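These protein sequence lines map, in sequence, to chains A and B. Each residue of the first sequence is one higher than the one before, counting from 2 in my numbering. Each residue of the second sequence is one higher than the one before, counting from 44 in my numbering. Glycine included, every Cβ here is placed at the ideal spot set by N, Cα and C. Every value quoted in this text rests on a predicted model; they were computed, and no experiment measured them. Below: one structure, written as structure tokens.
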Amino acid sequence: TQLLEQSPQFLSIQEGENLTVYCNSSSVFSSLQWYRQEPGEGPVLLVTVVTGGEVKKLKRLTFQFGDARKDSSLHITAAQPGDTGLYLCAGMWRAGNMLTFGGGTRLMVKP
Amino acid sequence: DAGVTQSPTHLIKTRGQHVTLRCSPISGHKSVSWYQQVLGQGPQFIFQYYEKEERGRGNFPDRFSARQFPNYSSELNVNALLLGDSALYLCASSLEGGELNTEAFFGQGTRLTVV
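The following block contains the structure:
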């Protein structure tokens, strides 16, 4: 069974602070996707990382895929209240597109 | 272009009843996957369909079934509902179903409450 563990589960910070969310597994994934989900809505895809060591940036968000493709991180610089939400990592580990999700990190950014 | 659409958005059912949830993928996408998201947890994979064939099944009981139609839309059926089936049911659409690293795009979900 492929499992993804996210940490921390909850994070409450002040506007302007930086934060990092981690996603770890004992399994090698072919790719890893990060999603953001608002209450009552479906997850919205932020980024897909495929190559070990890959780094992708999306404005103030920086995503990194571990060299061994077993872990990933999401770093947010100068967080804003609009960043509030549930951040989910999801790994794809074989052909087909079944995703294994982590438990999520619930982020609250206070003004 | 319309995104992934799911219906209904909310549903209340009684224990023991049957429910059918519907999903229309993004135009041109041939693969549909279903996920169950219990409150406070990440989504869990239920089924994947590609070109009307089941390509994958998660660890869910036989009370859960699904199918995909020629127009690539899909239905998820759950029989003999239990209180524990209460969750947000998500449909994800992908261009292909057999390729690695195909990105999945989610609908807004159907919130099912079993009472």
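For N122 (chain B), the first and last residue of its enclosing beta strand (DSSP E): The residue labelled residue 122 (chain B) in the question sits at position 79 within the second sequence. Per DSSP, N122 (chain B) lies in no beta strand (DSSP E) and is assigned neither H nor E.
Chain-order list of residues whose beta-carbon lies under 8 Å from that of G150 (chain B) (same chain, five-residue window excluded): If you number the second sequence from 1, residue 150 (chain B) lands on position 107. Correct list, in chain order: G46, V47, T48, Q49, C66, L133, C134, A135, S136.
Extent of the continuous beta strand (DSSP E) run through Y115 (chain B): Indexing the second sequence from 1 puts residue 115 (chain B) at position 72. Here Y115 (chain B) belongs to no beta strand (DSSP E), and DSSP marks it neither H nor E.
For S8 (chain A), the residue or residues it bridges with in DSSP: For this step, residue 8 (chain A) is matched to residue 7 along the first sequence. S8 (chain A) is bridged to A:Y23.
Run of the beta strand (DSSP E) containing I89 (chain B), from where it starts to where it stops: Residue mapping note: residue 89 (chain B) aligns to position 46 of the second sequence, counting from 1. That run of the beta strand (DSSP E) goes 87 to 93.
Interface partners of P44 (chain A) on chain B, CB under 8 Å: The sequence position of residue 44 (chain A) within the first sequence is 43, counting from 1. The answer, in chain order, is P86, L133, F149.
Buried or exposed (CB count within 10 angstroms, at least 16 for buried), F11 (chain A): Numbered from its first residue, the first sequence carries residue 11 (chain A) at position 10. By the neighbour-count criterion, in which a residue is buried when 16 or more other Cβ atoms sit within 10 angstroms of its Cβ, F11 (chain A) is exposed.
Cβ-heavy atom distance, Y78 (chain B) to the ligand GDP, below 6 Å: Summarising the ligand content, the structure contains no ligands, and the ligand GDP is consequently not present.
For S73 (chain A), the nearest candidate out of A:S13, A:T49, A:P112 (CA to CA): Position 72 of the first sequence, counted from the start, is the residue given in the question as residue 73 (chain A). Per the Cα distances, A:T49.
Neighbourhood of E139 (chain B) by C-beta, 8 Å cutoff - its chain only, sequence neighbours within 5 removed: In the second sequence, the residue the question calls residue 139 (chain B) occupies position 96. Contacts found: K73, S74, Y93, T145.
Pairwise C-alpha distance: S13 (chain A) and S122 (chain B): On the second sequence, residue 122 (chain B) is found 79 positions in, with the first residue counted as 1. On the first sequence, residue 13 (chain A) is found 12 positions in, with the first residue counted as 1. Checking the sequence shown, residue 122 (chain B) turns out to be Asn, not Ser. Rounded to the nearest angstrom, the gap between the Cα atoms of N122 (chain B) and S13 (chain A) is 40 Å.
Given 8 Å, three or more beta-carbon pairs between the stretch 55 to 68 of chain A and the stretch 98 to 108 of chain A: Contact between the stretch 55 to 68 of chain A and the stretch 98 to 108 of chain A is absent, because fewer than three Cβ pairs lie under 8 Å.
Cβ of C89 (chain A) within 7 Å of any chain B Cβ: In the first sequence, residue 89 (chain A) corresponds to position 88, counting from 1. The sequence shown places Leu at residue 89 (chain A), rather than the Cys named in the question. By this cut-off, L89 (chain A) is an interface position.
Min CB distance G127 (chain B) to chain A below 7 Å: In the second sequence, the residue the question calls residue 127 (chain B) occupies position 84. Nearest CB-CB separation between G127 (chain B) and chain A: not below the 7 Å threshold.
Cβ-based neighbour list, F103 (chain B), same chain, cut-off 6 Å, excluding 5 preceding and 5 following: Start at 1 with the first residue of the second sequence, and residue 103 (chain B) comes out as number 60. Answer for F103 (chain B): I89, listed in chain order.
Beta-carbon neighbours of L100 (chain A), restricted to chain B and to distances below 7 Å: Position 99 of the first sequence holds residue 100 (chain A). Within 7 Å Cβ-Cβ: F88, A147.
Below-7 Å beta-carbon distance, L59 (chain B) vs any chain A residue: Numbered from its first residue, the second sequence carries residue 59 (chain B) at position 16. What sits at residue 59 (chain B) in the sequence shown is Gly, not Leu. Not an interface residue.
CB contact check: G71 (chain B) to chain A, cutoff 7 Å: Taking the second sequence and counting its residues from 1, one reaches residue 71 (chain B) at position 28. Nearest CB-CB separation between G71 (chain B) and chain A: not below the 7 Å threshold.
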